[in-house]
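Undergrad: Residue numbers (this note's numbering): 210 to 438.
To start, I am sharing the structure in question, which I have written as structure tokens.
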Ligand SMILES: NC(=O)c1ccc[n+]([C@@H]2O[C@H](COP(=O)([O-])OP(=O)(O)OC[C@H]3O[C@@H](n4cnc5c(N)ncnc54)[C@H](OP(=O)(O)O)[C@@H]3O)[C@@H](O)[C@H]2O)c1
């Protein structure tokens, strides 16, 4: 089964609907967005992943229905500000959600995976870890942190049938990549992408399926960025 954080919109929602169409059991989480979830609401859990206690309670409440677990850590936020002007609370919040919140989920799910001898964890990172733009210090730091976390956890758990990988996304046609960028800036970004286009969500979905199927790919990050290197 597949457990997707941040499944209320953007890529997480896309992956939820497509894995469900594939006939898999899928659980999703939302934090504030419920629009468009109606038909799937019984498979959704409200959670702020930065709240460790709430994450523990949620996983405890569903753990008996979790097996062959694939955890897709899609939940994330961004905050745009030059560092010297940054609001420290908003800066911290990005780390709390993107890095610590992802760890909170993994921390609760790993014991189940280890006991079952199977698990797949995929952390959604970003091209900004290697190709930053001005104003993304919190986001880039949080996503770079995920890459270190990914490698460390892969080493700890590889002998238990568990893989931990990351996907470094460039600019995807849905979600924050394109929605949070002003239209005028979008054309400039597209011009810099050697592929000459933004990423189709299906290309992310295909990569997730590959990582689920391929146990020997472990502790690494796959770039999906149209050669934006
Ligand atoms: N789209 C891209 O081009 C792109 C590029 C690089 C990296 N990424 C990464 O890919 C992942 C998915 O991105 P996206 O574009 O789909 O983003 P999105 O459309 O903005 O969706 C973000 C999701 O994260 C959830 N979320 C936010 N804060 C949360 C919290 N405290 N606790 C639990 N859930 C929370 C949101 O839930 P609510 O709306 O319910 O609050 C939402 O479901 C993110 O990690 C993002 O950093 C995306």
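Even glycine gets a Cβ: it sits at the ideal position worked out from N, Cα and C.
Is the separation between the beta-carbon of residue 325 and that of residue 268 shorter than 8 angstroms?
TA: no
Undergrad: Is the beta carbon of residue 289 within less than 7 angstroms of some heavy atom of ligand 1?
TA: no
Undergrad: What are the boundary residues of the beta strand (DSSP E) that residue 280 is part of?
TA: 279-282
Undergrad: With a cut-off of 8 angstroms on the beta carbons, I'd call residue 197 and residue 337 a contact; round off their distance for me.
TA: This structure cannot settle anything about residue 197, because the visible part of the chain is limited to 210 through 438.
Undergrad: Could you check whether residue 239 and residue 246 sit closer than 8 angstroms to each other, using their CB atoms as the reference points?
TA: yes
Undergrad: Among the candidates 297, 288, 353, whose CA atom is the shortest distance from the CA of residue 311?
TA: 353
Undergrad: Secondary structure at residue 306, three-state DSSP: helix, strand or coil?
TA: helix
Undergrad: How many Å lie between residue 414 and residue 373 at the Cα?
TA: 17 angstroms
Undergrad: Express the C-alpha separation of residue 329 and residue 226 in angstroms, rounding to a whole number.
TA: Looking at the backbone, the Cα of residue 226 and that of residue 329 are separated by about 19 angstroms.
Undergrad: Residue 358 and residue 321 - do their beta-carbons sit closer together than 8 angstroms?
TA: Going by C-beta atoms, residue 321 is not nearer than 8 angstroms to residue 358.
Undergrad: Can you tell me whether residue 374 sits near ligand 1, meaning its C-beta is under 7 angstroms from at least one heavy atom of the ligand?
TA: no
Undergrad: Output the distance between the C-alpha atoms of residue 222 and residue 433, rounded to the nearest integer angstrom.
TA: 19 angstroms
Undergrad: Is there at least one non-hydrogen atom of ligand 1 closer than 7 angstroms to the beta-carbon of residue 340?
TA: no
Undergrad: Does DSSP classify residue 375 as helix, strand or coil?
TA: strand
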